[in-house]
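With full-length UniProt numbering as the guide, the letters of the sequence shown map in order to residues 1 to 386. Even glycine gets a Cβ: it sits at the ideal position worked out from N, Cα and C. Some notes on the structure that comes next.
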Amino acid sequence: MKSPFHVMLIPTLGCPSNCHYCWSSEEDSPVMSRDTMRDVAIWLKNFDDRQVTITFHGGEPLLAGADFYREAFPLLSEELSHLKPAFAIQTNLWRMTPELAQIFATYHVPIGSSIDGPKEVNDVQRGDGYFDKTMHGYRVARENGLNVRFICTFTSQSVEHREEIFNFFMENGLVLKLHPALPSLRGDEPEKWALAPEKYGDLLIFLLDKYLENLNTAEIMNINDLFKCVFTRVGTVCTFNDCMGNTFAVGPEGNIYPCYRFVGMPEWVMGNVSDHPTKADLAESRAWKVMHAFKDFVDENCKECPHIKYCRGGCPYNAITPTGGRVEAVDPHCPAYKMIFDELNERLNKELFGSGAMEMGMGGSRRRQQNKKAGIMDLMQKIVSE
Ligand code: SF4
Ligand code: SF4
């Protein structure tokens, strides 16, 4: 099976909000021009023959405005029709208007947004007023039939409120997808908000338990993805699936990067869409070579790890940007990945081959109906039936 091909378009690195742990916005960032968007379409036409997902990301992509999207969607849909493009957007929703929402609805664009829990937790780390502005945009999106999911960033501070945050998502019927806050590459105190790997591992196990306790009503995307990795022995999200060569990002000026996280960092530019580079052209860039050196490093350094097939060393951005591009280590979240992968494997084996096996099969859904805590196989049933 061909692995997915993903292109992230960053119309601007500008953003009206000022989240304390942000590492990716830039004041005075330009907005992608129509010519650059046309070059994106021409570049992608013959670049790869796989089905493509195109995600608009930022900065804050709604700053590009309605006219930008009114042109971008038909242009990309028509020029890339042979690649069956699927679209998505990641936005804080502050600038969502009925006009924009209708454009996104026309092209069936799922919306990813960001909220870190209840207002009092969220606004401490994302700034005063964030919660209300995002929730206003959320209502506009919903009124226009859009499907919105939120990413919740857990920081060193908000992780202390993990129960409250989980309850917030449950009470509001929201799907939970989480990110650990990364060390900032741009602030004076890079580690202040970052979530330590062991705390992240604890959090994942905590959320696994909460999820199993509330399996009929909760939806935690990360746990679904981690379980799919363990069960299928193949990474199912970019972090665990050798993203190099499968993911690219294009910044406002048309520069091509390995992923949105590198956008705006000149040393990670691989080429420019105006030159319509082939993969062989991009392979000449330093960024391409470093990304592939990371893959080789993982093959060697993780070879004894039982999780290597579906972990693949984690995210290369996390691993190589703190060292200025030197490939010296795997993703610093390795301890967290080990903790949750160990936990999932242990529970899976216990249910498949241990005493838990007696309770499985037909009994799985019955147990859930009886409000007993679900097990890993119940989670599998839920994932398969969705
Ligand atoms: S660099 Fe990290 S975030 Fe970016 S595509 Fe690769 S794994 Fe995903
Ligand atoms: S869990 Fe750690 S050691 Fe194992 S494959 Fe992932 S990064 Fe490598």
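Under a Cβ-count criterion, where at least 16 other Cβ atoms within 10 Å of its own Cβ denotes burial, should K382 be classed as buried or exposed?
Along the sequence shown, one-based indexing puts residue 382 at 382. Burial call: buried.
Nearest-angstrom Cα separation, counted from E160 out to G361
By one-based count along the sequence shown, residue 361 stands at place 361. By one-based count along the sequence shown, residue 160 stands at place 160. Low confidence applies to G361: its pLDDT is 45, below 50, so where it sits in the model is not reliable, and the reading given next is rough at best. Between G361 and E160, the C-alpha separation is close to 37 angstroms.
For a minimum of 3 consecutive residues, which ranges assigned as the beta strand (DSSP E) are wholly contained in the segment 190-241?
none
Which complete alpha helix (DSSP H) runs does the segment 10-50 hold, if anything under 4 residues is left out?
34-45
Would the beta-carbon of H307 be found less than 7 angstroms away from any heavy atom of ligand 2?
Position 307 of the sequence shown, counted from the first residue, corresponds to residue 307. The answer is yes for H307.
What span of residues does the beta strand (DSSP E) with F87 cover, start to end?
Taking the sequence shown and counting its residues from 1, the one referred to as residue 87 is at position 87. Residues 86-90.
For the candidate residues K84, T232, P85, A64, whose alpha-carbon lies nearest to that of L93?
In the sequence shown, the residue the question calls residue 93 occupies position 93. It is A64.
Local Cβ density within 10 Å of T247, reported as buried at 16 or more and exposed below that:
Start at 1 with the first residue of the sequence shown, and residue 247 comes out as number 247. It counts as buried.
Residue environment, I42, which counts as buried when at least 16 other CB atoms sit within 10 Å:
Numbered from 1 along the sequence shown, position 42 holds the residue referred to as residue 42. Its Cβ having fewer than 16 others within 10 Å, I42 is exposed.
Where does S114 fall in DSSP's three states?
As a first step, residue 114 is located in the sequence shown; it is residue number 114 there, counting from the start. S114: strand per DSSP, three-state reduction.
In chain order, what residues of the same chain have a beta carbon less than 6 angstroms from the beta carbon of R367, not counting five sequence neighbours either side?
Working through the sequence shown from its first residue, we reach residue 367 at position 367. Its pLDDT being 45, under 50, R367 is placed unreliably by the model, and the measurement read from it follows with that caveat. Nothing meets the Cβ criterion.
Check whether the segment 93-109 touches the segment 37-51, taking contact to mean three or more Cβ pairs, one atom from each stretch, closer than 8 angstroms.
no
Comparing C-alpha positions only, which one of Y21, E346, E284 sits nearest to L182?
Indexing the sequence shown from 1 puts residue 182 at position 182. It is Y21.
Candidates H6, R326, C305: closest to W268 by CA position
Along the sequence shown, read from residue 1 onward, the residue named residue 268 stands at position 268. It is R326 whose Cα lies nearest to the Cα of W268.
Identify which residue in P277, N222, H82 has its Cα closest to the Cα of A336.
Here the question's residue 336 lines up with position 336 in the sequence shown. Comparing Cα-Cα distances from A336 to each of P277, N222, H82, the minimum goes to N222.
Please go through the same chain and pick out, in chain order, the residues whose beta-carbon is closer than 6 angstroms to the beta-carbon of A87, but skip the five residues on each side of it.
Numbered from its first residue, the sequence shown carries residue 87 at position 87. According to the sequence displayed, residue 87 carries Phe and not Ala. Closer than 6 angstroms at Cβ, skipping near neighbours: I54, Y107, V109.
Would you mind reading off the limits of the beta strand (DSSP E) that contains Y260?
Along the sequence shown, read from residue 1 onward, the residue named residue 260 stands at position 260. First-last for Y260: undefined, no H or E at that position.
Beta-carbon proximity check, M377 vs E351, cutoff 8 angstroms
As a first step, residue 377 must be located in the sequence shown, where it is residue number 377. As a first step, residue 351 must be located in the sequence shown, where it is residue number 351. The answer is yes: Cβ separation under 8 angstroms.
For the segment 101-148, list the alpha helix (DSSP H) runs that are entirely contained and at least 4 residues long, ordered along the chain.
119-126, 130-143
Based on DSSP bridge pairs, tell me the residues matched to G271.
Residue 271 sits at position 271 when you count from the first residue of the sequence shown. Paired residues: I256.
Across the segment 304-311 and the segment 224-242, are there enough close Cβ pairs to call them in contact, namely three or more that are closer than 8 angstroms?
yes
Contact belief for H292 with M244 at Cβ below 8 angstroms, rounded distance in angstroms
Numbered from 1 along the sequence shown, position 292 holds the residue referred to as residue 292. Numbered from 1 along the sequence shown, position 244 holds the residue referred to as residue 244. Indeed, because the Cβ distance is near 6 angstroms, the residues count as touching under 8 angstroms.
What are the start and end residues of the beta strand (DSSP E) that includes H292?
Numbered from its first residue, the sequence shown carries residue 292 at position 292. Per DSSP, H292 belongs to no beta strand (DSSP E); it is in the alpha helix (DSSP H), 286-301.
Does the beta-carbon distance from G254 to V230 come in below 8 angstroms?
Along the sequence shown, one-based indexing puts residue 254 at 254. Along the sequence shown, one-based indexing puts residue 230 at 230. No, these two residues do not count as a Cβ contact at 8 angstroms.
Just checking, does the segment 202-212 make contact with the segment 275-292 on the three C-beta pairs under 8 angstroms criterion?
no
When you compare the CB positions of M170 and G137, do they come within less than 8 angstroms of one another, or not?
On the sequence shown, residue 170 is found 170 positions in, with the first residue counted as 1. On the sequence shown, residue 137 is found 137 positions in, with the first residue counted as 1. No, the pair does not count as a contact, with Cβ atoms beyond the cut-off.
Can you give me the start and stop residues for the beta strand (DSSP E) that V159 sits inside?
Numbered from its first residue, the sequence shown carries residue 159 at position 159. That residue, V159, is in no beta strand (DSSP E); it is neither H nor E in DSSP.
Whose C-beta lies closer than 7 angstroms to the C-beta of N144 among residues of the same chain, with five residues either side of it excluded?
Here residue 144 corresponds to residue number 144 of the sequence shown, with the count starting at 1. Here the set comprises P98, A101, Q102, A105.
Can you tell me whether T247 sits near ligand 1, meaning its C-beta is under 7 angstroms from at least one heavy atom of the ligand?
Working through the sequence shown from its first residue, we reach residue 247 at position 247. Yes, Cβ of T247 sits closer than 7 angstroms to a heavy atom of ligand 1.
If you draw a straight line from the C-alpha of P16 to the C-alpha of V298, how long is it?
Here residue 16 is taken as the residue at index 16 of the sequence shown, counted from 1. Here residue 298 is taken as the residue at index 298 of the sequence shown, counted from 1. Approximately 38 angstroms between the Cα atoms of the pair.
How far does the alpha helix (DSSP H) with V384 in it reach, from first residue to last?
Taking the sequence shown and counting its residues from 1, the one referred to as residue 384 is at position 384. Note, V384: alpha helix (DSSP H), 376-385.
If you draw a straight line from the C-alpha of P11 to the C-alpha of L348, how long is it?
As a working note, residue 11 is residue 11 in the sequence shown. As a working note, residue 348 is residue 348 in the sequence shown. Rounded to whole angstroms, P11 to L348 spans 43 angstroms at the Cα level.
Give the straight-line distance between the Cα atoms of L379 and N224, rounded to the nearest whole angstrom.
Within the sequence shown, residue 379 is the residue found at index 379, counting from 1. Within the sequence shown, residue 224 is the residue found at index 224, counting from 1. If I take the Cα positions, the gap works out to 8 angstroms.
Please classify S385 as buried or exposed, where buried requires at least 16 neighbouring CB atoms within 10 angstroms.
Position 385 of the sequence shown, counted from the first residue, corresponds to residue 385. Label assigned to S385: exposed.
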